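Visitor: Have a look at this one.
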Amino acid sequence: MVEGGGGGGGGGEDPIGGGTSGGGSGGGAATCPCTPDNGSDLTVVVCAELNCEDESPNIQITVCGGTAPYQWSISGGEGSPSGVQSGTNNRNVKVTAPDRTDVTGSAYRNGLSVTNPGSCPNAAFDCANVVGCDDVEISGCAGPVSIPGSSFAVVCVTGGVCDAFTDCAPCGTACSGFPVGDPVDVRTQQMIDDGCLPCGISMEGLNITVEDAVGDTVVTVISL
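So this is what it looks like as structure tokens:
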């Protein structure tokens, strides 16, 4: 998800290189159509949303209106997301998350706790979607399952312990239908030192700013 904003003057902290420039108004070779078309006003269109499950997560934006040439810059986030301008008058930008490093241990949780709605009686499941440093999901749903005479934690995945309980819904359904929460950083300092930087942490809060030739700006903020 991205959030847009506008204003006059100023740019981001890290100008992005690449692309071509030229005079005049407007631009060319847009990554995607300018819809809706707001005429001469400086606006942006997100052509490709960030998906941290992709092999190389990136967001692609094109500018509409304003006065060419354009300059893009990025700030915020963690690590060093890379940006490349392209198209006539630097009309487009592609910002890619830093390379991921596979470090032992879970990196963060998409934090959301819910109560499993009746599929596993007496089971309150933590739908945390524990994700590793390489953005690969480790487990989707874990929680306590109470059976007469015993109580233990179960990881609800296909083929897991939950499959043996006739009162339980098929494994993997306990967390379905619930939205994903904001990334919560639970990395240890050692994991950080070892280069553990999942996409969700590196790109959350990243500002992507475009400035036109007369100093008008539009800021796109990534919010996962």
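Just so you know, UniProt numbering puts 195 at position 195 of the sequence shown, and the rest follows in order with no gaps.
We treat Cβ as the ideally placed atom computed from N, Cα and C, and that holds for glycine.
Every value quoted in this text rests on a predicted model; they were computed, and no experiment measured them.
Mind checking glutamate 204: buried by the 16 CB within 10 Å criterion, or exposed?
Guide: Counting from 1 along the sequence shown, the entry for residue 204 is found at position 204. Per the 10 Å Cβ criterion, buried.
Visitor: Threonine 35: buried (16+ other C-beta within 10 angstroms of its C-beta) or exposed?
Guide: Within the sequence shown, residue 35 is the residue found at index 35, counting from 1. With fewer than 16 other Cβ atoms within 10 Å, it is exposed.
Visitor: So, for threonine 31: in the same chain, excluding its five sequence neighbours on each side, which residues have a beta-carbon less than 6 Å away from its beta-carbon?
Guide: Looking up residue 31 in the sequence shown gives position 31. Here the set comprises Cys47, Gln60, Thr62, Asn92.
Visitor: Run the CB neighbour count on glutamine 85, radius 10 Å, all protein chains shown included, and call it buried at 16 or more, exposed below.
Guide: Within the sequence shown, the letter at position 85 stands for residue 85. Buried, by the Cβ-count rule.
Visitor: By the DSSP assignment, the alpha helix (DSSP H) with isoleucine 201 in it spans what residues?
Guide: Position 201 of the sequence shown, counted from the first residue, corresponds to residue 201. Here the alpha helix (DSSP H) through isoleucine 201 covers 199-203.
Visitor: Determine the extent of the alpha helix (DSSP H) in which isoleucine 192 is found, giving its start and end residues.
Guide: The residue you call residue 192 lines up with position 192 of the sequence shown. Segment 189-193, the alpha helix (DSSP H) holding isoleucine 192.
Visitor: Return helix, strand or coil for asparagine 90, following the three-state DSSP convention.
Guide: Taking the first residue of the sequence shown as 1, we reach residue 90 at position 90. DSSP places asparagine 90 in helix when its eight states are reduced to three.
Visitor: Which residue marks the beginning of the beta strand (DSSP E) containing serine 80, and which one marks its end?
Guide: Start at 1 with the first residue of the sequence shown, and residue 80 comes out as number 80. Neither: serine 80 is in no beta strand (DSSP E) and is coded neither H nor E.
Visitor: Is the separation between the beta-carbon of serine 56 and that of aspartate 14 shorter than 9 Å?
Guide: Stepping through the sequence shown from its first residue, residue 56 is reached at position 56. Stepping through the sequence shown from its first residue, residue 14 is reached at position 14. Not closer than 9 Å, so no.
Visitor: Is the Cβ-Cβ distance between aspartate 134 and aspartate 185 less than 9 Å?
Guide: For the purposes of this step, residue 134 is identified with residue 134 of the sequence shown, where counting begins at 1. For the purposes of this step, residue 185 is identified with residue 185 of the sequence shown, where counting begins at 1. Taking 9 Å as the Cβ cut-off, aspartate 134 and aspartate 185 do not qualify as a contacting pair.
Visitor: Only counting the same chain, and skipping five residues up and downstream in sequence, which positions put a Cβ closer than 6 Å to that of threonine 67?
Guide: As a working note, residue 67 is residue 67 in the sequence shown. Closer than 6 Å at the Cβ level, and outside the excluded window around threonine 67, lie Ser25, Asp212, Ala213, Val214.
Visitor: Is it buried or exposed for valine 210, if we count other Cβ within 10 angstroms and need 16 for buried?
Guide: By 1-based counting over the sequence shown, the position of residue 210 is 210. Buried is the call here.
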